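Trainee: In the working numbering, the protein residues as written are 437 to 587.
Glycine included, C-beta positions come from ideal geometry on N, C-alpha and C.
No experiment lies behind these values; they were computed from the predicted model shown.
#1: Can you give, in chain order, each stretch of the beta strand (DSSP E) that sits fully within the stretch 513-554 and has at least 3 residues?
#2: Between which residues of its own chain and residue 579 is the CB-CB distance below 7 Å, once the five residues before and five after are set aside?
#3: Compare the Cα-Cα distances from residue 585 to each of 451, 488, 447 and report the closest residue.
#4: Our contact map puts residue 452 next to residue 494 with C-beta atoms below 8 Å; I'd like the distance itself, whole angstroms only.
#5: Please look up how many angstroms separate the CB atoms of residue 539 and residue 523, rounded, as I've assumed it's under 8 Å.
#6: Taking residue 535 as the reference, give the member of 542, 541, 527 with the closest Cα.
#7: Considering just the uninterrupted stretch of the beta strand (DSSP E) at residue 498, what are its terminal residues?
#8: Identify, in the order they occur along the chain, each residue of the same chain with its Cβ nearer than 8 Å to the Cβ of residue 569, setting aside the five sequence neighbours on each side.
#9: Just curious, the beta strand (DSSP E) that residue 583 is in, first and last residue?
#10: Who are the Cβ neighbours of residue 457 in its own chain at under 7 Å, not counting the five residues just before and after it?
#11: Report buried or exposed for residue 445, applying the criterion of at least 16 other Cβ atoms within 10 angstroms of its Cβ.
#12: Alpha carbon to alpha carbon, what distance is there between residue 455 and residue 447?
#13: Are residue 545 and residue 554 closer than 8 Å when you measure CB to CB?
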């Protein structure tokens, strides 16, 4: 697995295809956002997690959509080989915006109680570090929705 690359999302509604592009590239599979936008059947309202899963499976990956209950469940999935989960978060607790968004989890630091995420709407690097308590609140507001992909 390669280091996690960054690709900025190209449209307001394309956070899931952009996140999927980041995750697939970390496994060495390079696709354009346009390809993934179409594959995920993204439209102006966004992307259904189940369709993004089907898209990842179409490229030969094992994938699933899940509603995880807490960070320990997320850590368990990372330990199971889903190294960079795509999580849905409501940005209200994190940024004051009542918007549903998707980001890629890079690191969960239990010692400092922070979550490092790759946010496709945050160029040039996408790197965000959030307090775990605020991240969890935003993630729970999105009902713990998570897309898991592994090779």
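Mentor: Per the coordinate set shown:
#1: 522-526, 536-545, 550-554
#2: 503
#3: Answer by Cα proximity: 488.
#4: Not really, about 15 Å apart at Cβ, beyond 8 Å.
#5: 6 Å
#6: 527
#7: 498-503
#8: 549
#9: That run of the beta strand (DSSP E) goes 581-586.
#10: 443, 467, 469, 472
#11: buried
#12: 12 Å
#13: no
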